[in-house]
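Start counting the sequence shown at 6; every next residue gets the next number (the working numbering).
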Amino acid sequence: RHEQREGRVDRYGQPKDEVRVVTYFGTDNQIDGIVLRVLLRKHKEIRKSLGISVPVPGDTNQLMEAIFEGLILHEQQGFNAQRLPGFDGFFAPKQRELFGDWENAADREKRSRTLFAQEAIHVDEVRRELEAARSAIGSGVDVARFTEDALRLHNTVVS
6 RHEQREGRVD
16 RYGQPKDEVR
26 VVTYFGTDNQ
36 IDGIVLRVLL
46 RKHKEIRKSL
56 GISVPVPGDT
66 NQLMEAIFEG
76 LILHEQQGFN
86 AQRLPGFDGF
96 FAPKQRELFG
106 DWENAADREK
116 RSRTLFAQEA
126 IHVDEVRREL
136 EAARSAIGSG
146 VDVARFTEDA
156 LRLHNTVVS
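Set out below in C-alpha cells:
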C-alpha cells in the first residue's frame with residue numbers, strides 16, 4: 006500500500022514539482038516498528054539506488070515470516086514481549102531470504118531499464134528519419150490522391 010500511494014504522487018500530470026510524503030506509524034506498536042524498519046527502509050534504499058519503486062517480492066507467508074523474524078530480533082534487543090520457544094531457527098533466515106529476493110528483483114528491474122533505455126536515440130536522428138519518411142509518403146493530399154487512384158484502377162467506386 007505504501008508504494009501504491011507514493012506511486013500516485015509520482016504519476017504523469019502531477020501539478021506540483023515537489024510533493025511531501027509522510028509515513029505514520031505507532032511508536033508503541035512493535036509490528037509497525039518492524040514493518041517500518043524491515044520493509045519501508047529497504048524499499049527506500051532500493052528506490053534511492055534505482056530511482057524507482059520495486060514491489061516486495063514473494064508471497065504473503067514469506068513476508069509474514071520476515072516480519073516475525075524482525076519481531077524476534079527486536080525482542081532480543083530489550084523488549085519484554087513473550088518469545089515462542091523454538092521459532093528462532095525457523096524465522097532467522099526469512100528476512101535475509103526476503104531481502105535477497107527483493108535485491109534480485111531490483112537487479113532485474115535495473116537490467117531491464119538498461120536494456121530498454123532509449124539513451125542511444127538522438128532527437129536529431131529521429132527528426133531526420135521522420136522527415137525522410139514523410140517525404141517518401143508525401144502529404145495528406147498526396148496520400149488521398151494515391152488511394153483514390155488505386156481504388157479506381159481496381160474498379161472501385163469512390164465517392
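Glycine residues also receive a C-beta, built at the ideal position from the N, C-alpha and C atoms.
Given the structure is predicted, the values throughout are model-derived calculations rather than measurements.
Could you check where the alpha helix (DSSP H) with E136 kicks off and where it finishes?
-> The residue you call residue 136 lines up with position 131 of the sequence shown. V128 to I142 is the span of the alpha helix (DSSP H), which, as asked, contains E136.
Extent of the continuous alpha helix (DSSP H) to which S54 belongs = Taking the sequence shown and counting its residues from 1, one reaches residue 54 at position 49. R46 to L55 is the extent of the alpha helix (DSSP H) around S54.
Can you have a look at A111 and say buried or exposed, based on whether 16 or more other CB atoms are within 10 angstroms of its CB?
-> Along the sequence shown, read from residue 1 onward, the residue named residue 111 stands at position 106. Counting the other CB atoms within 10 Å of its CB gives A111 a total of 16 or more, which places it among the buried residues.
Euclidean distance between Cα positions of R118 and I57 = As a first step, residue 118 is located in the sequence shown; it is residue number 113 there, counting from the start. As a first step, residue 57 is located in the sequence shown; it is residue number 52 there, counting from the start. Here the alpha carbon of R118 sits roughly 10 Å from the alpha carbon of I57.
Determine the direct distance from the alpha carbon of E134 to that of V146, and round the result to whole angstroms.
-> Position 141 of the sequence shown, counting from 1, holds the residue named residue 146. Position 129 of the sequence shown, counting from 1, holds the residue named residue 134. The alpha-carbon atoms of V146 and E134 are separated by roughly 21 Å.
Could you have a look at N109 and say whether DSSP puts it in helix, strand or coil?
-> Walking along the sequence shown from the start, residue 109 turns up at place 104. Correct three-state label for N109: helix.
Which value, in whole angstroms, describes the spacing of the CA atoms of E114 and I51?
-> In the sequence shown, counting from the first residue as 1, residue 114 sits at position 109. In the sequence shown, counting from the first residue as 1, residue 51 sits at position 46. Straight-line Cα distance between these residues: approximately 11 Å.
May I ask which residues mark the beginning and end of the alpha helix (DSSP H) holding E153?
-> The residue given as residue 153 occupies position 148 in the sequence shown. Its alpha helix (DSSP H) spans residues G145 to L158.
Count the other CB atoms, across all protein chains shown, that sit within 10 Å of the CB of E130; report buried if there are 16 or more and exposed otherwise.
-> By one-based count along the sequence shown, residue 130 stands at place 125. Within 10 angstroms of the beta-carbon of E130 lie fewer than 16 other beta-carbons, which makes it exposed.
Between the C-alpha atoms of E143 and R157, what's the straight-line distance to the nearest angstrom?
-> On the sequence shown, position 138 is the one that residue 143 refers to. On the sequence shown, position 152 is the one that residue 157 refers to. The identity of residue 143 in the sequence shown is Gly, whereas the question assumes Glu. Distance between the alpha carbons of G143 and R157: 20 Å.
Outcome for K53 when other beta-carbon atoms lying within 10 angstroms are tallied against a minimum of 16 = Here the question's residue 53 lines up with position 48 in the sequence shown. Exposed, since its Cβ has fewer than 16 Cβ neighbours within 10 Å.
Alpha-carbon spacing of V59 relative to G31, whole angstroms = Taking the sequence shown and counting its residues from 1, the one referred to as residue 59 is at position 54. Taking the sequence shown and counting its residues from 1, the one referred to as residue 31 is at position 26. Roughly 25 Å separates the two Cα atoms.
Length of the line joining the Cα atoms of A155 and S164 | Along the sequence shown, read from residue 1 onward, the residue named residue 155 stands at position 150. Along the sequence shown, read from residue 1 onward, the residue named residue 164 stands at position 159. So the two alpha carbons sit approximately 14 Å from each other.
Reduced DSSP category for R25 - H, G, I as helix; E, B as strand; rest coil = As a working note, residue 25 is residue 20 in the sequence shown. If DSSP states are grouped into helix, strand and coil, R25 belongs with coil.
Can you tell me the Cα-Cα spacing of D33 and P62, whole angstroms?
-> Taking the first residue of the sequence shown as position 1, residue 33 is located at position 28. Taking the first residue of the sequence shown as position 1, residue 62 is located at position 57. Cα to Cα, D33 sits roughly 28 Å from P62.
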